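K.L.:
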Amino acid sequence: MSTTEVFNAQEMARQMAALAAAIGRDHPHLDRLVLIGIRTRGVPLAYRLRDGIAELFGIPPQVGELDITFFRDDLGSGRLRTPDRSEMPRDLTGQEVVLVDDVIFHGRTVRAALEALNHFGRPERVRLAVLIDRGHRHFPIQPDYCGHRLTTTPEQIVKVHLRETDGEERVLLIDPDPE
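The opening residue of the sequence shown carries number 1094 in the working numbering; numbering runs sequentially from there.
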């Protein structure tokens, strides 16, 4: 197995700053913006985006945390984590929502998040922000805000390490053993 570092901490910080600037520019009414982090790594990224938007535009958007465990289409696969509670700062009806996640691959996580979001109101608009887009979609879902598009094969693994969840900051591309 070979591992390549795609981003270090400084490069990740630059990507997050660019994402925060793009989201802030696109949402002139920041008081109606809610950043929703998809558990697990989307949550700390949503809080980082909130802080970046507040620094650039003076108004911190609210942040919610979304657990999609029971909305996944692979419940029988045995790879699921223990469900956690979703927490929303308010009813999402009429709000501008940006779903936040670390990596988009097939699009199944985002599909599940869209379904789970329905339980918290009817947003005016929902957009998607990801740190890494690695392609290979199974659903017609594309990010509105993307830190980096990474060319991968379906067999490769992209690992995002965040200090909040992993104690370090970096993005790795892992090639499985050739067989």
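Just so it is clear, CB atoms sit at the ideal spot from N, CA and C, and this is done for glycine as well. Predicted model only: the values in this text are computed from it and were never measured.
Could you have a look at Asp1270 and say whether DSSP puts it in helix, strand or coil?
P.N.:
Here residue 1270 corresponds to residue number 177 of the sequence shown, with the count starting at 1. Three-state result, Asp1270: coil.
K.L.:
By DSSP, does Arg1165 sit in helix, in strand, or in coil?
P.N.:
Along the sequence shown, read from residue 1 onward, the residue named residue 1165 stands at position 72. It is coil, neither helix nor strand.
K.L.:
For the putative contact between Ala1205 and Arg1165, defined by C-beta atoms under 8 Å, what is the C-beta separation to the nearest angstrom?
P.N.:
Your numbering for residue 1205 matches position 112 in the sequence shown. Your numbering for residue 1165 matches position 72 in the sequence shown. Confirmed, Cβ separation roughly 5 Å.
K.L.:
For Pro1236, is the classification buried or exposed, using 16 other Cβ atoms within 10 angstroms of its Cβ as the cut-off for buried?
P.N.:
On the sequence shown, position 143 is the one that residue 1236 refers to. Buried, since its Cβ has 16 or more Cβ neighbours within 10 Å.
K.L.:
Do Leu1185 and Val1127 count as a contact pair if the criterion is CB distance below 9 Å?
P.N.:
Counting from 1 along the sequence shown, the entry for residue 1127 is found at position 34. Counting from 1 along the sequence shown, the entry for residue 1185 is found at position 92. Contact: yes.
K.L.:
Using DSSP with H/G/I as helix, E/B as strand and the rest coil, what is Asp1226?
P.N.:
Within the sequence shown, residue 1226 is the residue found at index 133, counting from 1. DSSP places Asp1226 in strand when its eight states are reduced to three.
K.L.:
Here's the rule: buried if 16 or more other CB atoms are within 10 angstroms of the residue's CB, otherwise exposed. What is Met1181?
P.N.:
Residue numbering aside, residue 1181 sits at position 88 when the sequence shown is read from its first letter. The residue is buried, with at least 16 neighbouring Cβ atoms inside 10 Å.
K.L.:
Return the Cβ separation of Val1223 and Val1196 in integer angstroms, given the expectation that the two are a contact with Cβ distance under 8 Å.
P.N.:
Taking the first residue of the sequence shown as position 1, residue 1223 is located at position 130. Taking the first residue of the sequence shown as position 1, residue 1196 is located at position 103. That pair is a contact at about 6 Å.
K.L.:
What's the gap between the Cα of Phe1150 and the Cα of Gly1130?
P.N.:
Residue mapping note: residue 1150 aligns to position 57 of the sequence shown, counting from 1. Residue mapping note: residue 1130 aligns to position 37 of the sequence shown, counting from 1. Using only the alpha carbons, I get a separation of about 20 Å.
K.L.:
DSSP beta-bridge partners for Arg1263?
P.N.:
By one-based count along the sequence shown, residue 1263 stands at place 170. DSSP lists His1254 as partners of Arg1263.
K.L.:
Quick check: the stretch 1107-1116 against the stretch 1213-1230, are at least 3 beta-carbon pairs closer than 8 Å?
P.N.:
yes
K.L.:
Report the rounded CA-to-CA distance for Arg1215 versus Arg1125, giving the unit in angstroms.
P.N.:
Taking the first residue of the sequence shown as position 1, residue 1215 is located at position 122. Taking the first residue of the sequence shown as position 1, residue 1125 is located at position 32. Taking the straight line joining both Cα atoms gives about 13 Å.
K.L.:
If you reduce the DSSP assignment to three classes, tell me which class Gly1240 lands in.
P.N.:
Counted from its first residue, the sequence shown places residue 1240 at position 147. Three-state result, Gly1240: strand.
K.L.:
Pick out whichever of Pro1269, Gly1260, Asp1270 and Val1251 has its Cα sitting closest to the Cα of Glu1098.
P.N.:
Looking up residue 1098 in the sequence shown gives position 5. If we check each option's Cα against that of Glu1098, Val1251 comes out closest.
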